[in-house]
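Participant: For the sequence shown, the residue numbers in this note's numbering are 49 to 465.
My structure is below; once you've seen it, I'll send some questions.
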Amino acid sequence: MLEKRQVGVPSTAAAVAVSKGRGNCGLIPCTTFDGASQLVSVSGSYEWTPPQEGDIRGPCPGLNAAANHNYLPHSGVATIAETVAGLGAAYGMAPTLAAALAAYAIIFDGDPVLGTWSIGGPPPADPLTSGLLGGAQGISYSHNNYEGECVTSIGRNDAYLNHGDAYSLNVTRFAEAYSTGLSDDRYTLDGFAQHFLTNVEFSVANNPYYFAAPFATTVVAPAAYNFVINFMSNHSAEEPNGYLNGAIFKEFFAVTGDYPNFKWIPGNERDATTNTSTRYKRSTLNEYQAANVFDDVAVNYAAYPNSLRIGGNVNGVNTYEGVDLGNLTGGVYNTADLLNYQDSSGAACFYTQFIQAVIPDAAATLLGELSAITDLVNNYITPLAGNLSCAEINQYDQTLFNKFPGYHYDPTGPTSN
Ligand code: HEM
């Protein structure tokens, strides 16, 4: 079990009310509309073009669609600057958040010397760097550092349950997520938060290798649900706070057909161009920042506490054991930090510190270019915590994870993609 919640964390009932009260812009509503700055162009140089021979696509529909519309390089391999510009233009993602997500991808699964990362599998070998950076697998094979326990994802399979493939869409799972908005053709943060809980419980009961890693499964997985609502919704003049219907949801996920008879067409992820003539991203006055990520995830956890897991199955299905966050961090952080949406500074500090705590190991194993990595951390990861003075994690005890079979599972990709 997770450790006991501490005084100061809002009650579950209060959190449920907050969760249900959220619009599609998260805790801070989007109240203004400006068509000129919010219209997402899907014509001219942004016209949808599916991936061509050699282009890379992966597990993330938001990135795949952005690459198909040239908001990211069509090749699927991007720099930090390209990520910041592209995701800001396509979705209203704040620069600090986009840069941090890209930097994390470069550090763990990319090429720190070239400063590039792949939105799918490994890029074609570069003769200049392939010797040094042979470990750059791309986010498709970032199991447990970026790509998390996928039965808790919206539509992907778990890597272990699917022979290492955690990037292909499982349309049955997609249909389950789709059903949450079926009655009124409307998708919400709260509906998805409840669905995340369902998927977590299903996973514990069905995946012997269920393992919730502190970042990949505790933040990336639930944040992806929130990303769908915050980034894919149409924030129009009529509904500046955002409205996501099933048609847009399907297009972004490259899904055709009618519920529940769906078909996934790999690589066909696209912005809403077929069923709606225009899509407006969230207001540029309310871009989605790292703090919003932590806040929205914290609301989900506070409202549906059973969805917050750090730990995994130890001996087959339904043998979940949690890891105490205090024990993991030498007593510096605790579970309450991840639940407090009224003050997410604890969560911001924990995740920022956590990333730094795990870098030396990963760097030694995968890449070895420590100074490039240090620069990435200082320039893009540390700023996630803003001006907070965060308690440092001096003892990050990863040995606590050794008892989880899912912790040791490490799928690798093909030599090229
Ligand atoms: C640099 C920015 C981003 C990075 C590095 C990133 C990375 C990832 C990764 C690694 C996954 C797989 C997670 C897992 O398997 O548990 C994922 C899934 C996902 N991402 Fe992203 N992502 C980014 C931006 C976005 C944006 C802008 C959106 C929305 C517009 C988005 C929406 C999603 C969704 C919906 C999923 C889950 C897909 C599913 O379960 O079927 N992401 N992303």
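We treat Cβ as the ideally placed atom computed from N, Cα and C, and that holds for glycine.
As the structure is a computational prediction, the values presented were derived from the model and not from experiment.
Just to confirm, does P109 get its C-beta within under 7 angstroms of one of the non-hydrogen atoms of the ligand HEM?
Facilitator: True, at least one ligand heavy atom lies under 7 angstroms from that Cβ.
Participant: I want to check one thing, is the minimum distance from the CB of L217 to the heavy atoms of the ligand HEM below 7 angstroms?
Facilitator: Yes.
Participant: Residues in the same chain with beta-carbon distance under 6 angstroms from I155, minus the five sequence neighbours each way, listed in chain order, please.
Facilitator: Closer than 6 angstroms at Cβ, skipping near neighbours: I421, L424.
Participant: Does any heavy atom of the ligand HEM sit closer than 7 angstroms to the C-beta of G163?
Facilitator: G163 Cβ: outside cutoff for every heavy atom of the ligand HEM.
Participant: Quick one: Cα of L436 to Cα of T430, how far?
Facilitator: Cα to Cα, the separation comes out at about 10 angstroms.
Participant: With DSSP run on the structure shown, which of helix, strand or coil describes S201?
Facilitator: It is coil, neither helix nor strand.
Participant: Tell me which residue opens and which closes the alpha helix (DSSP H) that F156 is part of.
Facilitator: It spans 143-157 - the alpha helix (DSSP H) in which F156 sits, taken as one unbroken run.
Participant: From what residue to what residue does the alpha helix (DSSP H) around F250 run?
Facilitator: Its alpha helix (DSSP H) spans residues 237-254.
Participant: What is the rounded straight-line gap between the Cα of A261 and the Cα of E249?
Facilitator: Rounded to whole angstroms, A261 to E249 spans 16 angstroms at the Cα level.
Participant: Quick one: what's T127 bridged to in DSSP?
Facilitator: Per DSSP, T164.
Participant: Pick helix, strand or coil for V268, following the three-state DSSP scheme.
Facilitator: Helix at V268.
Participant: By DSSP, does S67 sit in helix, in strand, or in coil?
Facilitator: Residue state, collapsed to three classes: helix.
Participant: My output table needs one value for E286: the three-state DSSP class, helix, strand or coil.
Facilitator: In this structure, E286 counts as coil in the three-state DSSP scheme.
Participant: For the structure I just gave you, are there three or more beta carbon pairs, one from the segment 269-286 and one from the segment 70-82, closer than 8 angstroms?
Facilitator: Yes: the two stretches touch, three or more of their Cβ pairs being nearer than 8 angstroms.
Participant: Please state if the CB of L135 and the CB of A146 are separated by a distance shorter than 8 angstroms.
Facilitator: It is a contact, given that the beta carbons lie within the stated cut-off.
Participant: Taking T367 as part of the alpha helix (DSSP H), name the residues at either end of that continuous run.
Facilitator: Neither: T367 is in no alpha helix (DSSP H) and is coded neither H nor E.
Participant: Name the DSSP beta bridge partners of T304, please?
Facilitator: Answer is K311.
Participant: Ordered along the chain, which non-local residues of its own chain (more than five positions away) have a Cβ less than 8 angstroms from that of E440?
Facilitator: Closer than 8 angstroms at Cβ, skipping near neighbours: V380, Q401.
Participant: Run through DSSP, which three-state label would N361 get?
Facilitator: Strand, per DSSP.
Participant: Give the straight-line distance between the Cα atoms of A137 and L418, rounded to the nearest whole angstrom.
Facilitator: Rounded to whole angstroms, A137 to L418 spans 32 angstroms at the Cα level.
Participant: In three-state DSSP terms, what is N465?
Facilitator: In this predicted model, N465 has a pLDDT of only 41, less than 50, meaning its place in the structure is not dependable; the value taken from the coordinates is given anyway. Reduced to three states, the DSSP call for N465 is coil.
Participant: Please report the distance separating the alpha-carbon of N334 from that of T200.
Facilitator: Distance between the alpha carbons of N334 and T200: 28 angstroms.
Participant: Per DSSP, which one or two residues make a beta bridge with F259?
Facilitator: Its beta-bridge partners are G360.
Participant: Note down the Cα distance separating A405 from H456, rounded to an integer number of angstroms.
Facilitator: The straight-line gap from Cα to Cα measures roughly 18 angstroms.
Participant: Report the three-state DSSP secondary structure of G92 (helix, strand or coil).
Facilitator: Helix at G92.
Participant: What whole-angstrom Cβ distance do V1 and P143 have, given they're in contact under 8 angstroms?
Facilitator: Because the chain here runs from 49 to 465, residue 1 falls outside it and cannot be looked at.
Participant: List the whole-angstrom C-beta distance separating N361 from Y368, where the pair is believed to meet the contact cut-off of C-beta under 8 angstroms.
Facilitator: Sure, about 6 angstroms apart at Cβ, within 8 angstroms.
Participant: From R357 to N382, what does the alpha carbon distance come to, in whole angstroms?
Facilitator: For R357 and N382, the distance between alpha carbons rounds to 13 angstroms.
Participant: Given that a residue counts as buried once 16 or more other Cβ atoms are within 10 Å of its Cβ, and exposed if not, what is Y307?
Facilitator: That one is exposed.
Participant: Taking only three categories from DSSP, how would you classify E51?
Facilitator: Because the pLDDT at E51 is just 42, under 50, the model does not fix this residue reliably, and the value given afterwards should be weighed accordingly. Correct three-state label for E51: coil.
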